[in-house]
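Trainee: One structure is given below, represented as structure tokens, and several questions about it will come after.
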Amino acid sequence: MSSTDIDAVTAAFTDRFGAQPAGVWAAPGRVNLIGEHTDYNDGFVMPFALAQAVTVAAGPRDDGRWSVTSLNQDQTKEFGPDDLTPGMDGWAAYVAGVVWALRGAGYPVTGADLVLTSDVPVGAGLSSSAALECAALAALADLSDLDVDPLERAKLARTCENEFVGAPTGLMDQAASTLCTLGHALFFDCRSFKTEQVHLALDEAGLELLVLDTQTPHALVDSEYAARRRSCEEAARLLGVAALRDVTDLDAALALLPEVEMQRRVRHVVTENARVLAAADVLRADRTTDLAPLLDASHASMRDDFEITVPTVDLAVATAKSAGALGARMTGGGFGGCIIALVAAGTADEVAEAIAAAFADAGYGRPTHFLGLPSAGASRLR
Ligand code: GLA
Numbered sequence: 018m019s020s021t022d023i024d025a026v027t028a029a030f031t032d033r034f035g036a037q038p039a040g041v042w043a044a045p046g047r048v049n050l051i052g053e054h055t056d057y058n059d060g061f062v063m064p065f066a067l068a069q070a071v072t073v074a075a076g077p078r079d080d081g082r083w084s085v086t087s088l089n090q091d092q093t094k095e096f097g098p099d100d101l102t103p104g105m106d107g108w109a110a111y112v113a114g115v116v117w118a119l120r121g122a123g124y125p126v127t128g129a130d131l132v133l134t135s136d137v138p139v140g141a142g143l144s145s146s147a148a149l150e151c152a153a154l155a156a157l158a159d160l161s162d163l164d165v166d167p168l169e170r171a172k173l174a175r176t177c178e179n180e181f182v183g184a185p186t187g188l189m190d191q192a193a194s195t196l197c198t199l200g201h202a203l204f205f206d207c208r209s210f211k212t213e214q215v216h217l218a219l220d221e222a223g224l225e226l227l228v229l230d231t232q233t234p235h236a237l238v239d240s241e242y243a244a245r246r247r248s249c250e251e252a253a254r255l256l257g258v259a260a261l262r263d264v265t266d267l268d269a270a271l272a273l274l275p276e277v278e279m280q281r282r283v284r285h286v287v288t289e290n291a292r293v294l295a296a297a298d299v300l301r302a303d304r305t306t307d308l309a310p311l312l313d314a315s316h317a318s319m320r321d322d323f324e325i326t327v328p329t330v331d332l333a334v335a336t337a338k339s340a341g342a343l344g345a346r347m348t349g350g351g352f353g354g355c356i357i358a359l360v361a362a363g364t365a366d367e368v369a370e371a372i373a374a375a376f377a378d379a380g381y382g383r384p385t386h387f388l389g390l391p392s393a394g395a396s397r398l399r
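Right under this line is the structure:
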């Protein structure tokens, strides 16, 4: 979030309601450094929060209803307790679903007016929806004087996503948005919910992290994501384990599975979990450069085994590498969106330019890019 966003939502709130908001909150999008499609397999992930966030100004209202204005959409939606029906669509569902999840967990939520803006790119695999859920939740929990800790907030936001919006995601995005801290990646165990803040010493290592948005629409993401998840659950059932996290002998497990496609899915999840553990070790030892081969291997595994990359993403990763990136991978759920590349400090623009040139040659649209700066999780700003 930027101070401009804080001013924009505050001014819009005051304009609309003739009073200052009771407060301003923000929750960030995230980049996943490593650990893709491991969260719903009870595995490990390592995201960090971005500087890009959803910023919300809010104040209580006494008729027990909620109004939400999006400055990006230039729209206001209003709803009351009787309108909280799972399956609602549109951007306001992420706010209504948070009210629904809080109430479902027994928390009394006050009626409220919310005005929000976001600079998290939408549909880019950077968790713009989790940022929206977590920002709304932070505002509503504080306005209602609810004592909900950050992990519980993440779980409630995920309940909104899974049960109200209807996307069968894991907990990573919401955990990143509420639990990350400045300068760190979050090493998160999606079974025990144990967290460790690992210092992401990019500067010290003379590195930076390029985030490049391929601008490929996430056409298949919903159906394919759900299909991957089903396939993992079916494999765990066939292997007699609670989740793929529990596979300890990969070769033995693969020998038990009937189909090549399912074997590949399992191989991705099991090897990706191992890569997250290795990445945590590397960061703990301040060997940041050694992340690079793990990023490369993660990308190859997503491309060849989990089959969630697309030609634009593969071209971006291959070009990043040939333009000097130490390591690169797609980040997020897949089928488009962003790649990340670990590059020498001061070279991100050059690498991005090489990718833009390769995209132009291939007839693809121009990608956008920025530097991924490990930032703080959700908080109250005013
Ligand atoms: C999406 C989901 C997450 C996670 C990733 C893939 O971002 O919301 O829960 O499964 O995809 O790692």
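For the sequence shown, the positions run 18 to 399 when the numbering used here is used.
Think of the CB as a built atom: it goes at the ideal place given N, C-alpha and C, for glycine as much as any other residue.
Is any heavy atom in the ligand GLA found nearer than 7 Å to the beta carbon of residue 56?
Mentor: In the sequence shown, counting from the first residue as 1, residue 56 sits at position 39. Indeed, a heavy atom of the ligand GLA lies less than 7 Å from the Cβ.
Trainee: Where does residue 207 fall in DSSP's three states?
Mentor: Here residue 207 refers to the residue found at position 190 of the sequence shown. Here residue 207 sits in coil by DSSP.
Trainee: Under the three-state reduction of DSSP, which class applies to residue 264: helix, strand or coil?
Mentor: In the sequence shown, residue 264 corresponds to position 247, counting from 1. Here residue 264 sits in coil by DSSP.
Trainee: Under 7 Å Cβ to Cβ from residue 198, same chain only, skipping five residues before and after it: list those, please.
Mentor: In the sequence shown, counting from the first residue as 1, residue 198 sits at position 181. Taken in chain order, the residues that qualify are 214, 393, 394.
Trainee: I believe residue 203 touches residue 63 by the beta-carbon criterion, under 8 Å. Please report the beta-carbon distance rounded to the nearest angstrom.
Mentor: Against the sequence shown, residue 203 aligns to sequence position 186. Against the sequence shown, residue 63 aligns to sequence position 46. The Cβ separation is near 7 Å, so the contact holds.
Trainee: Under the rule that 16 or more other beta-carbon atoms within 10 Å means buried, what is residue 273, buried or exposed?
Mentor: One-based indexing of the sequence shown puts residue 273 at position 256. Residue 273 comes out exposed.
Trainee: Heavy atom of the ligand GLA less than 7 Å from the Cβ of residue 189, yes or no?
Mentor: Residue numbering aside, residue 189 sits at position 172 when the sequence shown is read from its first letter. Yes, the ligand GLA has a heavy atom inside 7 Å of this Cβ.
Trainee: Return the bridge partner residues of residue 49 from the DSSP annotation.
Mentor: Taking the first residue of the sequence shown as position 1, residue 49 is located at position 32. Beta-bridge pairing links residue 49 to 64.
Trainee: Are the C-beta of residue 171 and some C-beta of chain D separated by less than 8 Å?
Mentor: Within the model displayed, chain D is absent; a lone protein chain is all it includes.
Trainee: For residue 114, which residues of its own chain have a beta-carbon under 6 Å away from its beta-carbon, when the five flanking residues on both sides are left out?
Mentor: By one-based count along the sequence shown, residue 114 stands at place 97. Excluding sequence neighbours, residue 114 sits near 177, 181, 182.
Trainee: What's the C-alpha gap between residue 409 and residue 351?
Mentor: In the structure as shown, the chain starts at 18 and stops at 399, and residue 409 therefore has no counterpart that could be examined.
Trainee: As an exercise, report each continuous beta strand (DSSP E) stretch of at least 3 residues that is fully enclosed by the segment 281 to 367, in chain order.
Mentor: As far as the segment 281 to 367 is concerned, its whole beta strand (DSSP E) runs of at least 3 residues are 344 to 347, 355 to 361.
Trainee: Between the Cα of residue 232 and those of 168, 329, 156, 146, spot the shortest distance and give me the residue it belongs to.
Mentor: Residue numbering aside, residue 232 sits at position 215 when the sequence shown is read from its first letter. Closest by alpha carbon: 329.
Trainee: With the cut-off set at 8 Å, would you say residue 313 and residue 346 are in Cβ contact?
Mentor: As a first step, residue 313 must be located in the sequence shown, where it is residue number 296. As a first step, residue 346 must be located in the sequence shown, where it is residue number 329. Cβ atoms of residue 313 and residue 346: closer than 8 Å.
Trainee: Which runs of the beta strand (DSSP E) at least 3 residues long sit entirely within the segment 62 to 130? Give them in chain order.
Mentor: Runs of the beta strand (DSSP E) inside the segment 62 to 130: 83 to 87, 92 to 96.
Trainee: Across the segment 253 to 270 and the segment 218 to 235, are there enough close Cβ pairs to call them in contact, namely three or more that are closer than 8 Å?
Mentor: Because the criterion of three Cβ pairs below 8 Å is not met, the segment 253 to 270 and the segment 218 to 235 do not touch.
Trainee: Just to confirm before moving on: does the CB-CB distance between residue 305 and residue 224 stay below 8 Å?
Mentor: Here residue 305 refers to the residue found at position 288 when the sequence shown is read from its first residue. Here residue 224 refers to the residue found at position 207 when the sequence shown is read from its first residue. Contact flag set, yes.
Trainee: Nearest by alpha-carbon distance to residue 98: which of 134, 175, 106, 82 is it?
Mentor: On the sequence shown, position 81 is the one that residue 98 refers to. Closest by alpha carbon: 82.
Trainee: Checking the sheet assignment: what are the DSSP bridge partners for residue 388?
Mentor: In the sequence shown, residue 388 corresponds to position 371, counting from 1. DSSP output for residue 388 lists 227 as bridge partner(s).
Trainee: Residue 377 to residue 315, Cα distance in whole Å?
Mentor: Here the question's residue 377 lines up with position 360 in the sequence shown. Here the question's residue 315 lines up with position 298 in the sequence shown. Straight-line Cα distance between these residues: approximately 26 Å.
Trainee: Inspect the beta-carbon positions of residue 239 and residue 174 and report whether they are closer than 8 Å.
Mentor: Within the sequence shown, residue 239 is the residue found at index 222, counting from 1. Within the sequence shown, residue 174 is the residue found at index 157, counting from 1. Contact: no.
Trainee: From residue 386 to residue 361, what distance separates their C-alpha atoms?
Mentor: On the sequence shown, position 369 is the one that residue 386 refers to. On the sequence shown, position 344 is the one that residue 361 refers to. If I take the Cα positions, the gap works out to 16 Å.
Trainee: Just checking, does the segment 93 to 107 make contact with the segment 58 to 73 on the three C-beta pairs under 8 Å criterion?
Mentor: Because the criterion of three Cβ pairs below 8 Å is not met, the segment 93 to 107 and the segment 58 to 73 do not touch.
Trainee: Beta carbon of residue 382: closer than 7 Å to some heavy atom of the ligand GLA?
Mentor: Along the sequence shown, one-based indexing puts residue 382 at 365. It does not: the Cβ of residue 382 is nowhere closer than 7 Å to a heavy atom of the ligand GLA.
Trainee: Output the distance between the C-alpha atoms of residue 119 and residue 348, rounded to the nearest integer angstrom.
Mentor: Here residue 119 refers to the residue found at position 102 when the sequence shown is read from its first residue. Here residue 348 refers to the residue found at position 331 when the sequence shown is read from its first residue. Straight-line Cα distance between these residues: approximately 30 Å.
Trainee: The beta strand (DSSP E) with residue 191 in it runs from where to where?
Mentor: Translated into positions along the sequence shown, residue 191 becomes position 174. Note, residue 191: premise wrong, no beta strand (DSSP E); alpha helix (DSSP H) at 189 to 196.
Trainee: Report yes if the C-beta of residue 144 is less than 7 Å from at least one heavy atom of the ligand GLA; otherwise report no.
Mentor: What you label residue 144 is simply residue 127 of the sequence shown in a count that begins at 1. True, at least one ligand heavy atom lies under 7 Å from that Cβ.
Trainee: What first and last residue would you give for the beta strand (DSSP E) that runs through residue 251?
Mentor: Locating residue 251 in the sequence shown gives position 234, where the first residue counts as 1. Run containing residue 251: none in the beta strand (DSSP E); it sits in the alpha helix (DSSP H), 238 to 256.
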